[in-house]
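Accompanying notes for the structure given below.
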Amino acid sequence: MTLKDFISRIAGPEVRVLQSEAGIRLESTPAAVPALAARLVEEKGCEFATLVVEHQGDDFELHYFFHGGEGNATHVVQLTTRVAVGDQVPAISDRVHAADWDEREAEDLFEIHFAGHPFLGDFVLHDTEWREGVAPLRHDFDPRQQRPNGGRGGTWVPRRVLDEPGSLVFPVGPVWGGDSEAGLWLLETPGEEIRQAHTRLFYKHRGVEKIAEGQYPESALLLAERFSGNSAFGHGLAFCQALESISGTAVPPRALLVRTALAELERLRYHAAVIAEIAGSTALAVAKAWGQELEEELLRLSGEVCGHRYLFGVVAPGGLARDLDAGGLARLRSVTAAVTERLDRFEHLLERSSSFLDRLEEMGTITPELARSYGVVGPVGRASGSSMDLRTRLPYAAYPDFTPRPALETEGDGYARLRVYFHEAREAAILVAALLDNLPEGPVRAACEPLAGAGLGWVEAPAGSAFHWLRVDEKGVIRRWRAGTPGFRNWHAFHRAVEGAAFQDFPIILASFGLSVAENDR
Amino acid sequence: MADWVLKGLARGIRTTGWPARVEETPGVTPGRPGAVSRDDSPADVGVCPTHALEQSARGIAVDFGRCVHCQRCRGEGGVPWQDDFEWADWSTQSRGPLPASFRRSINVRYLDAGSCGGCMGEARLIDAPSYNLHRFGIFLTATPRDADVLLVAGPVTEAMRTPLRLTYEAMPEPRRVVVMGVCAINGGVFGQSYACVGGVDAVIPVDILVPGCPPPPLAIIHGLLLAAGRAEAASLERAP
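Each protein sequence line maps, in turn, to chains A and B.
Position 187 of the first sequence, counting from 1, maps to 187 under the numbering used here, and the rest follow consecutively.
Just remember that the numbering used here sits 1000 ahead of the position in the second sequence, which is counted from 1.
In structure tokens, the structure reads:
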């Protein structure tokens, strides 16, 4: 039974099918949501994408997004339900574990109680800094109001799980010895082995989704690019695609191809940086230097061709802010073409370094079952047997015509992840060349007039699938923006890779995940 | 077994010649907008979303402490951009450079107070071979107790406010604070909000400002050299 047939049969007193073409939209009572969500995921193999909550009047509207289907017939499924403020919503995360953090975030930022969720509170807004009952994403909350008496920071005492003589909790972060991002990891150990790991993030929560409310898209685009700078182009692109889907804008073909080429350039640079970090985490200094040299070259290339090393200010609603000149495109073509051979040689040398492989093999394993349960995305997912890649699953921009060869590993360990990074970096370089060889002439920007409505844009960002959902009012002002990011999804599963490892493996597993904290914290 | 040491040696030195030599490789800096006099400034300051450009009677002035490199004023009909990177400047309350005994070597502690990853990515590259921070006798240290300079990125989120203060308090005197990126200077695109303090100087004293979004590695190094008393300050304000 196809997804569409399945959808057509579930209509009943509790579930209404609003739309079944060009995306599927369902509406149901809150009570029917968990069973329906579980059937979509368990029976139809759908992936949970993101949960969007809107506060409208005295109600909350919850939109659960999934995607799934067979072969070329893949669809985004939007399941909407409505509850009054103060009412409970049954949690879906005991059946759909991937939605766990989405529900925790919605509870913390909207004060919606998810009935049956085992672990609510102290998530985005740390209890040491904020009293309970603050709900910044409700529409009557003034985001510009600063907290009086901030920064007194009470002492947070983590819950301990391990009860053994001599066991201790080893905190890593939020200020690190090295140059890692702010985040706290509590490692519980009886001596050497990490038995329990607890990830505490949102030290970097900047409230970007809230402060974008009331802004025009051109201002909010600055935030979309800057909340996670090393995936700026991907997130900016998803944000613009959401706007374009609301206004029904057809982006010119040349812009579609250039966007795709730049998204792949970003992926290539991101993966080069991750490879450098992995090499560095095992103290392989020369290999780290090679990775950093490649990263720096690609940053310089981006700066030379687009004016910005991290590709800020290039994408725009309706296409690109401006066309790239012929010289820049030729540079992009020649530099990326030369990269594939270097990556081959680099990987070959790493594969011959047994001391390096010893640190990665069977290290930080995420089994395919775990990856599926946590809905792990991106390179980490593809190293654990998941074929999920939005570029092929829900192709956007020029990906319908320019398909990357998928990476697929099943071991789920650090080495499998390293192979995926190399494979995807090479594929990115090959794709850039193919795109630039087929670049049509023409304009690079179409008018993207604001229209009232809501829309979803998605990209396969370097770290995995990103979903940006926007509601825009009749003046073109943003009323709600939700960024579902790969960091948010994958950090959720990170502690499972760490548990059972030895202490000195923690930085290696961290590096092999290649995630951004800023992308998670927003 | 791969012979990494030999491979590394065979690759030779890949480090920039700056500051002894001029560094003009394309892409080492995103550049920055320059001021224009009234006679040749048809540009519209309204394109700037962060009010870094200001129209005055004499032309267009630039407050580079606000520029986030959105590039909307770049190109035809805009203002001229300069490809420099020696951007660091003293803050208004700056204590100046460290005493003379620190000229040859300083230790730096890096702190992420909510950076987007852009500043962090650039800060990670300052001791990469292309820039090689160590040739200046500048080292990144793991603890604030050994640090002479605190290098901070990000708009200071509420949750990082206390760690930032505690880190600063743990540093011995004399100490200096270098803030990198427009976010750390004034909150940048995140501004002041329920979640953001909007600049490091609201929590601890700041000595040196390195503007940019993000500042490229050479601009960060310029800021650190300024702290060591080994470079000249630039000016964030450009008048026509």
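Cβ atoms here follow ideal geometry from the backbone N, Cα and C, with glycine treated the same way.
Values in this document were obtained by computation on a predicted structure and should not be read as measured data.
Within the same chain, show all residues whose beta-carbon is closer than 6 Å to that of residue i, passing over the 5 residues directly before and after it, in chain order.
i                  : result
Gln-196 (chain A)  : Val-161, Leu-162, Glu-188
Asn-1074 (chain B) : First, the amino acid is wrong: residue 1074 (chain B) is Arg here, not Asn. Only Trp-1081 meet the Cβ criterion.
Asn-520 (chain A)  : Leu-201, Gly-487, Phe-488, Trp-491
Val-1208 (chain B) : In the sequence as presented, Val is not what sits at residue 1208 (chain B); that position holds Ile. The residues are Ala-1088, Val-1178, Gly-1223, Leu-1226, Ala-1227.
Go ahead and pull the three-state DSSP assignment for residue i.
i                  : result
Ala-1043 (chain B) : coil
Cys-306 (chain A)  : helix
Cys-1048 (chain B) : coil
Gly-121 (chain A)  : coil
Gly-414 (chain A)  : helix
Glu-351 (chain A)  : helix
Trp-458 (chain A)  : strand
Thr-260 (chain A)  : helix
Ala-502 (chain A)  : strand
Met-1160 (chain B) : helix
Tyr-374 (chain A)  : helix
Arg-345 (chain A)  : helix
Leu-332 (chain A)  : helix
Tyr-216 (chain A)  : coil
Gln-241 (chain A)  : helix
His-205 (chain A)  : coil
Within 7 Å of any Cβ in chain A, is that where the Cβ of residue i sits?
i                  : result
Asp-1084 (chain B) : no
Tyr-1194 (chain B) : yes
Val-1189 (chain B) : yes
Tyr-1168 (chain B) : no
Pro-1129 (chain B) : yes
Gly-1059 (chain B) : no
Gly-1008 (chain B) : yes
Met-1171 (chain B) : no
Leu-1224 (chain B) : no
Glu-1024 (chain B) : no
Cys-1116 (chain B) : yes
For residue i, would you say it is in contact with chain B, using Cβ-to-Cβ distances shorter than 7 Å as the test?
i                 : result
Gln-215 (chain A) : no
Gly-476 (chain A) : no
Gln-146 (chain A) : yes
Tyr-203 (chain A) : yes
Phe-65 (chain A)  : no
Ala-316 (chain A) : no
Gln-292 (chain A) : yes
Would you kindly work out how many angstroms separate the C-alpha atoms of residue i and residue j, rounded to a whole number?
i                  : j                  : result
Ala-501 (chain A)  : Glu-409 (chain A)  : 21 Å
Phe-202 (chain A)  : Gly-1059 (chain B) : 43 Å
Arg-1072 (chain B) : Gly-234 (chain A)  : 19 Å
Glu-1076 (chain B) : Pro-1042 (chain B) : 10 Å
Arg-391 (chain A)  : Thr-2 (chain A)    : 22 Å
Gly-1154 (chain B) : Ile-7 (chain A)    : 46 Å
Asp-239 (chain A)  : Ser-93 (chain A)   : For the sequence presented, residue 239 (chain A) should be read as Phe rather than Asp. Their Cα atoms are separated by approximately 27 Å.
Pro-1144 (chain B) : Leu-439 (chain A)  : 52 Å
Leu-1053 (chain B) : Asp-5 (chain A)    : 57 Å
Ala-212 (chain A)  : Lys-204 (chain A)  : 17 Å
Leu-120 (chain A)  : Arg-159 (chain A)  : 14 Å
Glu-61 (chain A)   : Arg-95 (chain A)   : 21 Å
Cys-1048 (chain B) : Leu-223 (chain A)  : 15 Å
Ala-398 (chain A)  : Val-377 (chain A)  : 21 Å
So, is residue i buried or exposed, given that buried needs 16 or more other C-beta atoms within 10 angstroms?
i                  : result
Ile-1221 (chain B) : buried
Arg-480 (chain A)  : buried
Gly-86 (chain A)   : exposed
Gln-996 (chain B)  : What the structure shows of chain B is the stretch from 1001 to 1240, and residue 996 (chain B) is not part of that stretch, so it cannot be assessed.
Ser-1130 (chain B) : buried
Thr-1050 (chain B) : buried
Trp-156 (chain A)  : exposed
Ile-1013 (chain B) : exposed
Asp-1201 (chain B) : buried
Could you name the residues of the same chain whose beta carbon sits closer than 7 Å to that of residue i, not counting the 5 residues immediately before and after it, in chain order?
i                 : result
Phe-494 (chain A) : Thr-199, Phe-513
Glu-47 (chain A)  : Phe-66, His-67, Gly-68, Gly-375, Met-388
Val-134 (chain A) : Leu-125
Arg-138 (chain A) : His-55, Phe-110
Tyr-415 (chain A) : Leu-357, Leu-360, Glu-361
Ala-11 (chain A)  : Val-17
Gly-484 (chain A) : Ala-49, Thr-50, Ala-466, Phe-467
Arg-267 (chain A) : Glu-424, Ala-428, Pro-462
Return the chain-ordered list of same chain residues with a C-beta closer than 8 Å to the C-beta of residue i, the five sequence neighbours on each side being excluded.
i                  : result
Asp-344 (chain A)  : Arg-426
Val-1197 (chain B) : Pro-1155, Val-1156, Thr-1157, Glu-1158, Arg-1161, Gly-1187, Val-1203
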